[in-house]
Amino acid sequence: MFLQQIEAGNFAVFAYLLSGDSGGEGLVIDPADEIDTILGIAARHRIDIKYIVNTHAHVDHIMGNAEMKQKTGAKIIIHENDGPLLTQIPRSMLAM
Numbered sequence: 497m498f499l500q501q502i503e504a505g506n507f508a509v510f511a512y513l514l515s516g517d518s519g520g521e522g523l524v525i526d527p528a529d530e531i532d533t534i535l536g537i538a539a540r541h542r543i544d545i546k547y548i549v550n551t552h553a554h555v556d557h558i559m560g561n562a563e564m565k566q567k568t569g570a571k572i573i574i575h576e577n578d579g580p581l582l583t584q585i586p587r588s589m590l591a592m
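If you read the sequence shown in our numbering, its first letter stands for residue 497, the second for the next number, and so on.
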């Protein structure tokens with residue numbers, strides 16, 4: 497199993513990259529604003545990111561969702577109670 501904790505920029509939260517094995521399919525938990533860092537680590541370990549998992553819909557955890565999805569095609573997963581919040585956060589907050 498591969499698991500790496502990544503300190504995520506301006507908000508001092510943590511993102512996680514997880515896969516069953518180096519070189520397989522993986523997921524990112526709370527990508528925040530460290531997309532290039534996460535993608536670089538994934539490339540070095542040959543991890544194909546298939547899922548973006550959000551623990552909750554606070555902007556400091558989800559602000560990288562759109563870019564990560566655009567660059568990887570990954571599916572976004574979040575609890576059904578927080579799902580509607582993903583579309584209610586103003587774009588200006590996501591670009592912080």
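In this text, a Cβ means the ideal position worked out from N, Cα and C, and glycines have one as well.
- prompt: By Cβ distance, which residues of its chain are closer than 6 Å to serine 515, with the 5 residues on each side in sequence left out?
  reply: Phe498, Gly522 and Ile543
query: Would DSSP call aspartate 544 helix, strand or coil?
result: strand
- prompt: Across which residues does DSSP place alanine 511 in a beta bridge pair?
  reply: Ile502
query: Which class does isoleucine 573 belong to by DSSP, given the choice of helix, strand or coil?
result: strand
query: Between Thr568, Val549 and Met559, which lies nearest to glutamate 530 when the distance is taken from Cα to Cα?
result: Met559
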